[in-house]
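Participant: For reference, the structure I am asking about is given below.
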Amino acid sequence: MELYNSIIEKVDGLLGSSTPRRYAYDPHKTWEDVGGNQLVMMKEAAYELGGDSKPAVNYACVTSGDYVQEDEILVYGRDLKEIAGSVPFARIAIIKVRNLAGENEEDTEPLFRAIQDIDFVKYHVYPKGYMIRSSSDSFREQVRVSKEAVRKGITFEQVGNSYISQFKKNPDVIAVKLIFVTVDDADYAEMKKDAKKVRDITKTLSKILEGMATDCHSCSLKEICDEVEGLKELHFGKEKKEFKG
Ligand code: SF4
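Have a look at this one:
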């Protein structure tokens, strides 16, 4: 599962010049979860991560490479209880999974299903007073944080633990590195490009799975397949297998 590795390798270079705070995963230190959608009204809000049209990027990369050694949360910049107004924001998840291709490397279906399941985690985390608004078209993840949550001392460590505990419900997941960024000098524009690339790779996997035609010259996905090592091999491996049937 190495399709996202070139994106993962870039992450460290995009996070700005500050030294991150690091927290080991602790399932007992999660923030209260309300279990479903919540509304934080403007008058109840302390601030928004990504508010006032500031950057707000989110993407998740799945890998079976050695980029994640253990479950951890990294915070670049001010933490939730230290923020007073709108700030730029990014949340990046790097998720180490067992080798999803297993013995049959040409079968893209388990791979695609696992990536989808992992991606859906972001829609199942509802920290109290931390209202997440995502847009898959613009790759934004904007968060409205309530005054009450700030008063009670909400932190990225707790929110990060909530995310990681959700990820770890999936038996394919081995370890998760969750990165929160609020510094001004991170490269949010490049992160947004990478968020789009992640989406394009996953979309291409989905198309391959649907059994699309195999003429690369006339294919609308050629650009991403030329760029990302392994996609063409997946497609043609699958075709070969179906032909042998
Ligand atoms: S391998 Fe070729 S045909 Fe298949 S999705 Fe990529 S560009 Fe399209």
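Position 188 (the sequence shown) corresponds to 366 in my numbering; numbering is contiguous. Note that the Cβ used here is the ideal one computed from N, Cα and C, for glycine as well.
Tell me which residues share the same chain as Gly255 and place their Cβ nearer than 7 angstroms to its Cβ, disregarding the 5 neighbours each side in the sequence.
Facilitator: Contacts found: Ser196, Val359, Thr360 and Val361.
Participant: Given a threshold of 16 other Cβ atoms within 10 Å of its Cβ, counted over all protein chains shown, does Leu181 qualify as buried or as exposed?
Facilitator: Leu181 comes out buried.
Participant: Give me, in chain order, the residues of the same chain whose beta-carbon lies closer than 7 angstroms to that of Gly214; leave out the 5 immediate sequence neighbours on both sides.
Facilitator: Closer than 7 angstroms at the Cβ level, and outside the excluded window around Gly214, lie Tyr304.
Participant: Which residues in the same chain as Ile251 place their Cβ atom closer than 6 angstroms to its Cβ, once the five residues preceding and following it in sequence are excluded?
Facilitator: Within the same chain, Ile251 has close Cβ partners Tyr201, Glu335, Gly338 and Leu356.
Participant: Terminal residues of the continuous alpha helix (DSSP H) containing Phe345?
Facilitator: Residues Phe334 to Phe345.
Participant: Return the chain-ordered ranges of every beta strand (DSSP E) run that is complete within the region 181-209 and spans a minimum of 3 residues.
Facilitator: List check, beta strand (DSSP E) in window: 199-202.
Participant: If you draw a straight line from the alpha carbon of Ala271 to that of Val189, how long is it in whole angstroms?
Facilitator: Roughly 10 angstroms between the two C-alpha positions.
Participant: Give me the residue from Ile273, Ile261, Asp249 and Glu326 with the minimum Cα distance to Val240.
Facilitator: Checked all of Ile273, Ile261, Asp249 and Glu326; the closest Cα to Val240 is Ile273.
Participant: Sorted by chain position, which residues of the same chain lie with C-beta nearer than 6 angstroms to Arg318's C-beta, five sequence neighbours on each side aside?
Facilitator: Excluding sequence neighbours, Arg318 sits near Ala234.
Participant: In the structure shown, what three-state DSSP assignment does Met390 receive?
Facilitator: Coil.
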